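All letters in the sequence shown, in the order written, are residues 206 to 577 by my numbering.
Data block below; observations after.
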Amino acid sequence: MRNFIVIVLITLVTNAWPTSQETLRQLNLFSEAFRYIRSKSARPVSDEVLIANAIEGMLAGIDGHSTYVTAEKYQELLGSLRGSFGGIGIEFTMKDGRPVVVSPLDETPASEAGIETGDILVEIEGTPLAGLSLSEIKDKLKGEIGEKITLKIERNNTSHTFSMKRRHINIKALKWSTEKGILIVRLSHFNQGISGRVAALLKKQKDIKAVILDLTNNPGGIFEEALSVANLFLEKGIITSVEGRTPKDHQSFSAKPSKALLPTLPLYILVNKGTASSAEIVAAALKENNRATLVGEKTFGKGSVQTILPVPPGYTAIQLTTGLYKTPKGHLLDQQGVVPHIIVAESAEKSYQQTPKEAIALILKKQSHGKD
206 MRNFIVIVLI
216 TLVTNAWPTS
226 QETLRQLNLF
236 SEAFRYIRSK
246 SARPVSDEVL
256 IANAIEGMLA
266 GIDGHSTYVT
276 AEKYQELLGS
286 LRGSFGGIGI
296 EFTMKDGRPV
306 VVSPLDETPA
316 SEAGIETGDI
326 LVEIEGTPLA
336 GLSLSEIKDK
346 LKGEIGEKIT
356 LKIERNNTSH
366 TFSMKRRHIN
376 IKALKWSTEK
386 GILIVRLSHF
396 NQGISGRVAA
406 LLKKQKDIKA
416 VILDLTNNPG
426 GIFEEALSVA
436 NLFLEKGIIT
446 SVEGRTPKDH
456 QSFSAKPSKA
466 LLPTLPLYIL
476 VNKGTASSAE
486 IVAAALKENN
496 RATLVGEKTF
506 GKGSVQTILP
516 VPPGYTAIQL
526 TTGLYKTPKG
536 HLLDQQGVVP
546 HIIVAESAEK
556 SYQQTPKEAI
566 ALILKKQSHG
576 KD
């Protein structure tokens with residue numbers, strides 16, 4: 206059995222790229238460990254579980270975003286991108302081996318309970334999360350709709366406990382209102398079809414003096430949707446570029462003049478520490494093309510590309526970081542974030558829901574005095 210495993214691994218690796226003697230030695234080490242666990246473990250473990258755990262471990266060692274996607278998890282991932290799924294409504298990532306909340310989604314159990322950007326998940330139902338992978342923690346957050354779940358989090362070195370009930374999550378990604386002739390567009394997520402809905406909204410507007418695009422606590426979503434939303438306000442210029450492993454993997458994405466609907470109207474974008482990923486791409490593109498004034502806090506700094514790569518025979522996949530986003534001026538977004546022109550910072554006395562209201566009030570006052 207051992208020789209068979211080594212032969213299979215060598216065949217797979219050598220078919221993909223040239224293999225050194227050191228690589229072959231490491232593959233032999235893997236097969237030895239696999240053989241010992243398979244034959245001598247006091248608790249029998251199936252080959253499928255052993256291989257899945259090995260893949261999960263490889264990906265977890267790369268960064269906090271790469272993970273193994275089982276068939277079941279793949280369907281859940283597709284559901285979340287469509288904007289409909291079950292859970293408590295938080296986006297989180299791994300930082301220094303700890304699960305950190307990127308953003309609670311609007312009108313979900315997590316946001317209603319008081320979970321905030323930057324909270325560190327410590328326990329779920331009394332079970333410590335230390336040492337668990339991204340996918341393992343996601344599994345623990347799942348459960349029956351209507352079932353109670355208790356989370357212990359760490360915030361500013363203080364422990365807090367929150368209880369909530371899981372429910373069907375249907376992301377209401379677009380809301381809007383007008384005030385004093387200014388269109389206020391709230392985008393909480395870049396899910397499927399959102400750019401078309403924003404375009405339809407903009408086409409209906411008449412006699413508006415400016416637009417406020419609220420991207421606070423927007424954790425991102427579908428990359429193409431974010432590109433399209435940015436293009437609605439930008440007639441020309443680079444929106445973003447992607448730096449891959451090799452020069453042939455580098456890509457650049459520019460605005461198309463025919464897609465721009467409001468390329469000159471005064472535009473303000475609200476951002477905070479919960480603005481991440483695709484939302485940061487939009488904010489950076491419109492800032493560095495001198496198209497918008499950013500108001501709020503420095504953004505989260507999640508600027509990496511995750512690609513879902515099917516693994517033969519096709520019922521599982523890996524989510525792998527395959528590139529890094531750059532701003533139009535060539536700055537990396539990952540772990541850097543976007544700094545706004547006008548700082549409206551969140552304080553200990555002020556919740557993240559209040560910060561956008563203060564920023565909007567500031568912009569309305571600025572506009573009423575005739576300043577762009």
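We treat Cβ as the ideally placed atom computed from N, Cα and C, and that holds for glycine.
Because the structure is a prediction, the values reported are computed rather than measured.
Beta-bridge pairing of residue i - partner residues as DSSP gives them
i: residue 473; result: 417 and 498
i: residue 459; result: 443
i: residue 389; result: 382 and 417
i: residue 297; result: 306
i: residue 292; result: 372
i: residue 354; result: 369
i: residue 333; result: 328
Alpha carbon of residue i to alpha carbon of residue j, nearest angstrom
i: residue 547; j: residue 335; result: 38 Å
i: residue 511; j: residue 482; result: 10 Å
i: residue 449; j: residue 352; result: 42 Å
i: residue 564; j: residue 243; result: 59 Å
i: residue 524; j: residue 271; result: 5 Å
i: residue 245; j: residue 259; result: 17 Å
i: residue 396; j: residue 250; result: 39 Å
i: residue 373; j: residue 294; result: 9 Å
i: residue 568; j: residue 256; result: 55 Å
i: residue 225; j: residue 419; result: 51 Å
i: residue 402; j: residue 417; result: 16 Å
i: residue 457; j: residue 265; result: 28 Å
i: residue 535; j: residue 493; result: 10 Å
i: residue 470; j: residue 276; result: 46 Å
i: residue 388; j: residue 515; result: 42 Å
i: residue 541; j: residue 238; result: 39 Å
i: residue 292; j: residue 526; result: 25 Å
i: residue 363; j: residue 392; result: 31 Å
i: residue 252; j: residue 274; result: 17 Å
i: residue 317; j: residue 310; result: 9 Å
i: residue 407; j: residue 439; result: 14 Å
i: residue 354; j: residue 269; result: 24 Å
Start-to-end residues for the alpha helix (DSSP H) that takes in residue i
i: residue 230; result: 226-245
i: residue 340; result: 339-346
i: residue 314; result: 314-318
i: residue 368; result: Looking at the DSSP string, residue 368 is not in any alpha helix (DSSP H); the run it does join, the beta strand (DSSP E), is 363-370.
i: residue 486; result: 483-493
i: residue 408; result: 399-409
Within 7 Å, strictly: CB atoms of residue i and residue j
i: residue 369; j: residue 314; result: yes
i: residue 358; j: residue 326; result: yes
i: residue 480; j: residue 504; result: yes
i: residue 462; j: residue 307; result: no
i: residue 390; j: residue 435; result: no
i: residue 414; j: residue 386; result: yes
i: residue 549; j: residue 501; result: yes
i: residue 437; j: residue 466; result: yes
i: residue 442; j: residue 460; result: yes
Residue i - containing beta strand (DSSP E), residue span
i: residue 522; result: 521-531
i: residue 308; result: 303-309
i: residue 427; result: Unbroken run through residue 427: none, as it is neither H nor E.
i: residue 514; result: 509-516
i: residue 178; result: Absent from the model: residue 178. The displayed extent of the chain is 206 to 577, so no value can be given.
i: residue 538; result: Where residue 538 is concerned, there is no enclosing beta strand (DSSP E), given that its DSSP letter is neither H nor E.
Extract the residue ranges of the alpha helix (DSSP H) inside the stretch 245-276, only unbroken runs of 4 or more that lie entirely within it. List check, alpha helix (DSSP H) in window: 252-265.
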